[in-house]
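Sequential numbering from 0 applies to the sequence shown in numbering that gives the first Met the number 0. We put the CB at the ideal spot given by N, CA and C, even for glycine. Just so you know, these numbers come straight off a predicted model, no measurement behind them. All remarks here apply to the structure that follows.
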Amino acid sequence: MQELTGLRERLAGIEERIARACQRAGRDRQEVTLIGVSKTFPVTAIREGIEAGLRVLGENKVQEAASKIPELSQLCASHGVRWHLIGHLQSNKVRRAIELFSMIHSVDSLKLAERIDSICGETGERMPILLEVNLGGEETKAGIEPSAALELCEKIGQLPNLSLEGFMTIPPYSAAPEETRIHFRKLRSLRDEAIDLGIVSAGFTQLSMGMSHDFEVAIEEGATLIRVGTAIFGSRE
Ligand SMILES: *Cc1c(COP(=O)(O)O)cnc(C)c1O
0 MQELTGLRER LAGIEERIAR ACQRAGRDRQ EVTLIGVSKT FPVTAIREGI EAGLRVLGEN
60 KVQEAASKIP ELSQLCASHG VRWHLIGHLQ SNKVRRAIEL FSMIHSVDSL KLAERIDSIC
120 GETGERMPIL LEVNLGGEET KAGIEPSAAL ELCEKIGQLP NLSLEGFMTI PPYSAAPEET
180 RIHFRKLRSL RDEAIDLGIV SAGFTQLSMG MSHDFEVAIE EGATLIRVGT AIFGSRE
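What follows is the structure, encoded as structure tokens:
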């Protein structure tokens with residue numbers, strides 16, 4: 000249980016830093032949702048996180064999520080906890096992902112969007128999704144090229160069972176958060192461009208960006224969803 004000690008204190012510290020970043024940027028704290036990224040952490044740690052106040056949790060693999068979320072279903076229901084998928088989604092896992100998650104951040108192709116749309120059509124659901132954008136041009140990273148993002152928004156916007164709500168990015172890693180600012184700013188411009196061109200609907204507002212080491216800069220640049228793992232749960236061994 001070593002890793003659990005201090006979670007409540009770490010979360011309180013993060014809350015304070017979020018509040019200060021919002022203040023610096025002249026933003027309302029309500030505009031920023033903290034997602035506790037619980038990948039690799041056991042159900043015991045997640046339970047502690049929920050009891051300490053986390054209301055949105057993020058996992059990056061469907062299979063791992065499926066082994067943890069059902070065990071927590073009662074606690075999640077009583078505390079109004081929702082789960083977001085933040086990692087790559089394979090088409091053969093879409094059905095399970097729809098059962099487990101209330102938002103998918105990692106849509107990176109029309110084909111995947113169509114698959115989610117089609118299964119939601121069968122089950123009568125509407126899935127909120129984000130488009131993952133690869134801003135750093137890194138070939139190893141998932142996500143669509145920024146130059147293809149707007150056209151894809153237009154096409155995905157036609158799918159009746161999806162609610163396209165914004166963009167997500169994982170910028171190239173830099174130990175200095177200030178160096179990442181330019182990428183966060185780029186994602187925000189891309190969102191604003193999509194809005195200005197009128198190719199997205201009114202619900203297109205979200206920017207999922209910022210992790211443990213750079214969430215404050217992300218908030219200053221307009222993040223609405225920040226994905227924080229190690230700073231809450233401790234290091235992943
Ligand atoms: C693991 C992960 C995070 C959280 O990273 P930390 O550095 O632990 O905060 C955020 N986003 C994605 C997509 C991840 O896979």
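Report yes if the C-beta of residue 210 is less than 7 angstroms from at least one heavy atom of ligand 1; otherwise report no. Your numbering for residue 210 matches position 211 in the sequence shown. Yes; taking the cut-off as 7 angstroms, the Cβ of residue 210 has a heavy atom of ligand 1 nearer than that.
Return the chain-ordered list of same chain residues with a C-beta closer than 6 angstroms to the C-beta of residue 160, the five sequence neighbours on each side being excluded. Numbered from its first residue, the sequence shown carries residue 160 at position 161. The residues are 116, 119, 120 and 125.
Assign residue 205 to buried or exposed, taking buried as 16 or more other Cβ atoms, counted over all protein chains shown, within 10 Å of its Cβ. Within the sequence shown, residue 205 is the residue found at index 206, counting from 1. Residue 205 is buried by the Cβ-count criterion.
I think residue 223 touches residue 211, with their Cβ atoms under 8 angstroms apart; what is that distance to the nearest whole Å? Here residue 223 corresponds to residue number 224 of the sequence shown, with the count starting at 1. Here residue 211 corresponds to residue number 212 of the sequence shown, with the count starting at 1. The pair is not a contact, with the Cβ atoms about 18 angstroms apart (cut-off 8 angstroms).
7 angstroms Cβ shell around residue 186 - same chain, five flanking residues per side excluded: Translated into positions along the sequence shown, residue 186 becomes position 187. Cβ within range, chain order: 132, 134, 166, 168, 206 and 208.
Less than 7 angstroms between C-beta atoms, sequence neighbours within five positions excluded: which residues of the same chain meet that for residue 234? Working through the sequence shown from its first residue, we reach residue 234 at position 235. If we look at residue 234 and ignore the five residues flanking it on each side, it has no Cβ neighbours.
Which residue's Cα is closest to the Cα of residue 142: 88, 178 and 123? Residue mapping note: residue 142 aligns to position 143 of the sequence shown, counting from 1. When each option's Cα is compared against that of residue 142, the closest is 88.
Check whether the Cβ of residue 202 lies closer than 7 angstroms to any heavy atom of ligand 1, and answer yes or no. Residue 202 sits at position 203 when you count from the first residue of the sequence shown. Distances between the C-beta of residue 202 and the heavy atoms of ligand 1 are all 7 angstroms or more.
If residue 31 and residue 17 are in contact, beta carbons under 8 angstroms, what's the gap, nearest whole angstrom? Numbered from its first residue, the sequence shown carries residue 31 at position 32. Numbered from its first residue, the sequence shown carries residue 17 at position 18. Contact holds; Cβ gap of about 6 angstroms.
So, with DSSP's three-state summary, where would you put residue 32? Mapped onto the sequence shown, residue 32 falls at position 33. Correct three-state label for residue 32: strand.
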